[in-house]
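Following: one structure in structure tokens, then a few remarks.
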Amino acid sequence: MGWLTRWRVWCAVWSALSREVREHVGTDHLGNKYHYVAEYKNWRGQTIREKRIVETTNRREVDYEAGDIPTEWETGNKIVIVSSN
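First residue of the sequence shown: 116, per our numbering; consecutive thereafter.
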């Protein structure tokens with residue numbers, strides 16, 4: 116096994132173990148998916164704040180305007196908009 120193959124295996128294992136766990140909360144009538152990531156500690160012991168993630172269907176982040184994301188979803192937490200295009 117060459118060094119490149121070992122490196123790829125190491126990267127695959129590392130990314131699988133260090134991923135944050137997303138909980139699917141729901142989907143709206145436009146097909147946007149809403150996820151919640153609870154507060155957790157990473158491998159370095161740092162506390163990572165909770166996040167709420169919106170995975171869009173057919174829009175880019177710049178296409179969103181005020182009111183497109185439900186108000187109850189924007190309650191003071193960090194929101195990340197991910198485009199699935």
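In this text, a Cβ means the ideal position worked out from N, Cα and C, and glycines have one as well.
Quick caveat, the model's predicted, so the values are computed rather than measured.
Ranking Val136, Asn157, Gly160, Asp143 by CA distance to the CA of Tyr151 puts Val136 first. If you draw a straight line from the Cα of Ala153 to the Cα of Glu165, it is about 5 Å long. Between Val169 and Lys148, the gap from beta carbon to beta carbon is short of 9 Å.
If you look at Arg121, you'll find it in the alpha helix (DSSP H) that goes 118–132. In the structure shown, the three-state DSSP call for His150 is strand.
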